[in-house]
Amino acid sequence: MASIRQNSYPDSLPDFRNLGVVARALVAVNLLGLGAALASEADWMRALDAFVQNTVLIEPPLLATLATLYAASPLLRRLPYWPACVLIVALALALAAATRTELGQFADVSLARVLAFTAAGAVVVLAYLSLHLRAHSPALAEARLQALQARIRPHFLFNSLNAVLSLIRRDPRRAERALEDLADLFRELMADGRRFVRLADEIALLERYAGIEQLRLGERLRIVWELDGAPSDALLPPMVLQPLLENAIYHGVEPGTGPGEVLVRIELQGDRLVARIENPVQEGVHAHRTGNRMALENILERLRLFFDAEAQLRSRVENGRYRVEIAMPYKTGGVRPA
9 MASIRQNSYP DSLPDFRNLG VVARALVAVN LLGLGAALAS EADWMRALDA FVQNTVLIEP
69 PLLATLATLY AASPLLRRLP YWPACVLIVA LALALAAATR TELGQFADVS LARVLAFTAA
129 GAVVVLAYLS LHLRAHSPAL AEARLQALQA RIRPHFLFNS LNAVLSLIRR DPRRAERALE
189 DLADLFRELM ADGRRFVRLA DEIALLERYA GIEQLRLGER LRIVWELDGA PSDALLPPMV
249 LQPLLENAIY HGVEPGTGPG EVLVRIELQG DRLVARIENP VQEGVHAHRT GNRMALENIL
309 ERLRLFFDAE AQLRSRVENG RYRVEIAMPY KTGGVRPA
């Protein structure tokens with residue numbers, strides 16, 4: 009029996025322009041500095057005092073290194089992994105040596121110890137960030153994406169097919185278009201979840217999905233599209249918005265007996281892409297909303313996989329409306345996950 013082919017994902021540097029990566033590097037180096045002070049001094053107070061004094065030698069080269077990596081991040085990510093790591097360590101050593109030379113009269117630590125700590129710190133941070141990337145590897149991303157994609161409920165498929173069947177005789181052309189939309193939706197579900205997609209394509213998918221649901225719910229479903237501020241060239245993870253619209257319809261319109269209005273607003277706010285989806289809260293149908301939290305958590309996981317700490321997801325109930333809002337960096341062109 010042939011084995012299942014598995015994709016291999018080579019080591020790669022993190023995005024040093026990502027807020028989460030910068031924060032982890034800062035915390036890791038300072039923890040290493042604290043650990044070194046505790047190892048050299050038996051008394052806690054003396055160790056803390058030594059750590060505070062050593063921050064004069066730690067913080068300037070650390071901040072300078074991170075600033076340089078921020079500026080050079082696109083170039084570094086084009087280099088092979090190991091040469092890029094050597095270049096980063098060399099940069100950290102050069103900046104640490106320059107700081108020690110400049111502040112020599114204020115520091116009691118020898119240049120050799122400064123360079124040893126810098127080299128060890130750079131290696132440890134790079135190893136930690138590599139492990140973090142592996143923990144959020146594309147393979148795990150695909151598994152999470154498959155779990156989220158599997159939540160396209162079977163009842164939706166069956167109801168949509170039944171709605172199409174009811175149209176075949178009285179409106180064959182509309183039935184054909186609905187089948188094409190349904191095929192496009194499931195083709196997207198089967199697509200590669202590791203890549204970014206254009207916002208224009210994601211909006212087109214939303215509109216196809218809304219058209220299918222309109223067949224089932226008719227006049228009960230009213231969708232207000234506010235897309236004038238949506239940048240069509242923005243990149244985002246696939247199938248992030250569609251599950252939110254599905255939840256809004258499933259939890260906010262389908263349980264009711266009258267019309268329900270769903271708002272879809274996508275806009276650019278500064279350097280962030282913000283998408284908001286609102287639906288009415290149906291009183292007395294809380295059981296119907298079971299599982300909504302799980303979908304939001306899955307979406308948040310994928311946002312963090314692609315954007316790390318720079319993406320947020322918020323939800324709340326306000327004035328009888330349930331609102332979900334996601335915000336992520338506005339990126340265009342060829343972008344890889346953080």
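Numbering-wise (the working numbering), the sequence shown opens with residue 9 and increments by one.
Ideal Cβ positions, reconstructed from N, Cα and C, are used throughout, including at glycine.
Beta-carbon gap between Leu21 and Tyr89 smaller than 8 Å: Leu21 is a Cβ neighbour of Tyr89, given a cutoff of 8 Å.
Touch test, the segment 230 to 249 against the segment 176 to 194, Cβ-Cβ under 8 Å, three pairs minimum: Under the Cβ criterion (8 Å, minimum of three pairs), the segment 230 to 249 does not count as touching the segment 176 to 194.
Continuous beta strand (DSSP E) stretch holding Glu254: start and end: Boundaries around Glu254 are those of the alpha helix (DSSP H), 249 to 260, since no beta strand (DSSP E) includes it.
Other residues of its chain near Leu243: CB distance less than 8 Å, five sequence neighbours each side excluded: Correct list, in chain order: Phe204, Val205, Arg206, Leu207, Lys339, Thr340, Gly341, Val343.
Straight-line gap, Leu39 to Glu49 (C-alpha atoms, nearest Å): Glu49 has its alpha-carbon roughly 15 Å from the corresponding atom of Leu39.
Candidates Asp179, Ala335, Asp189, of which the one nearest Leu249 by Cα: Nearest of Asp179, Ala335, Asp189 to Leu249, Cα basis: Ala335.
Through-space distance from Leu74 to Ala33, alpha-carbon basis: Ala33 and Leu74: Cα-Cα distance of roughly 8 Å.
DSSP three-state assignment for Leu281, whether helix, strand or coil: Looking at Leu281 - three-state DSSP - the assignment turns out to be strand.
Between the CA atoms of Arg280 and Gly28 - distance to the nearest angstrom: Distance between the alpha carbons of Gly28 and Arg280 is about 16 Å.
Helix, strand or coil at Gln290 according to DSSP, with G and I counted as helix: Three-state DSSP puts Gln290 in coil, outside helix and strand.
Three-state class that DSSP yields for Pro22 in the structure shown: Coil.
In chain order, each alpha helix (DSSP H) run of at least 4 residues that lies wholly inside the segment 55 to 121: If one requires a minimum length of 4 residues, the alpha helix (DSSP H) runs lying completely within the segment 55 to 121 are 89 to 110, in chain order.
Burial state of Thr126, where buried means 16 or more other Cβ atoms lie within 10 Å: That one is buried.
Close-in-space but distant-in-sequence residues of the same chain around Leu99 (CB under 7 Å, 5 per side omitted): Result list for Leu99: Thr73, Thr76, in chain order.
Contacts around Gln290, its chain only, beta-carbon distance under 6 Å, and the 5 residues preceding and following it disregarded: The beta carbon of Gln290 sits closer than 6 Å to the beta carbons of Pro263, Gly264 from its chain, once the five residues preceding and following it are set aside; these are given in chain order.
Ala186 - DSSP class collapsed to helix/strand/coil: It is helical.
Whole-angstrom C-beta distance between Pro288 and Gly226, which should lie under 8 Å: Contact between Gly226 and Pro288 is ruled out by a C-beta separation of about 17 Å, above the 8 Å threshold.
Inter-residue spacing [alpha-carbon to alpha-carbon] between Ala47 and Ile66: Whole-angstrom Cα-Cα distance: 17 Å.
Reduced DSSP category for Gly268 - H, G, I as helix; E, B as strand; rest coil: Correct three-state label for Gly268: strand.
Residues near Ala104 by beta carbon distance below 6 Å, same chain, minus five either side: Non-local beta-carbon contacts of Ala104 in its own chain, meaning distances under 6 Å to residues more than five positions away in sequence, involve Pro69, Val122, Thr126 in chain order.
Beta-carbon proximity of Gly310 to Pro245, cut-off 8 Å: Note that residue 310 corresponds to Arg in the displayed sequence, not to Gly. Yes. Within cutoff.
8 Å Cβ shell around Gly266 - same chain, five flanking residues per side excluded: If you ignore the 5 residues before and after Gly266, its C-beta comes within less than 8 Å of the C-beta of Arg228, all in its own chain and listed in chain order.
Sequence-distant residues of the same chain with beta carbon closer than 8 Å to Leu84, five excluded per side: Leu21, Phe24, Leu77, Ala92, Leu95, Ile96.
Where Ser240 falls: helix, strand or coil (DSSP): The DSSP-derived three-state label of Ser240 is coil.
Range covered by the beta strand (DSSP E) that runs through Leu330: The sequence given here places Tyr at residue 330; Leu does not occur at that position. Following the DSSP letters along the chain, one finds Tyr330 inside the beta strand (DSSP E) bounded by residues 329 to 337.
Strand pairing of Glu275, partner residues [DSSP]: Answer by DSSP bridge pairing, in chain order: Val282.
Which of helix, strand or coil DSSP assigns to Leu321: Looking at Leu321 - three-state DSSP - the assignment turns out to be strand.
Whole-angstrom distance between Gln277 and Pro337, CA atom to CA atom: So the two alpha carbons sit approximately 10 Å from each other.
Within 8 Å, strictly: CB atoms of Arg331 and Arg284: Taking a C-beta distance under 8 Å as the contact criterion, Arg331 and Arg284 qualify as a contact pair.
Exposed unless 16 or more other CB atoms sit within 10 angstroms - verdict on Pro180: Pro180 should be labelled exposed.
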